[in-house]
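One structure below.
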Amino acid sequence: MSEKDPKTSQDLTVVVQTLLQQMQDKFQTMSDQIIGRIDEMSTRIDDLEKNISELMTQAGVEELEDEIKVTETSGTA
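Residue numbers (this note's numbering): 1227 to 1303.
Right under this line is the structure:
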């Protein structure tokens, strides 16, 4: 039995190393996918903010907000 132990131990080591490498590869793939999706979401959010800003400008909301701020500061002074 002592003759089989080193071989069995070596086989087990190889199996464990292979399993760990496969797990690491899967986690790396998942991590890359998550980062890619976060980057895509960030781009979409930036585009959305730009579109909202443009819509607010078209609607004259920014001018209205500025007028309200001026009125509020004039009234308290």
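Positions of the beta carbon are idealized from the N, C-alpha and C atoms, including for glycine.
Thr1234 and Asp1273 have their C-alpha atoms some 59 Å from each other. Rounded to whole angstroms, the gap between the alpha carbons of Asp1265 and Gln1236 is 43 Å. Between the C-alpha atoms of Arg1270 and Gln1243 there is a straight-line separation of about 41 Å.
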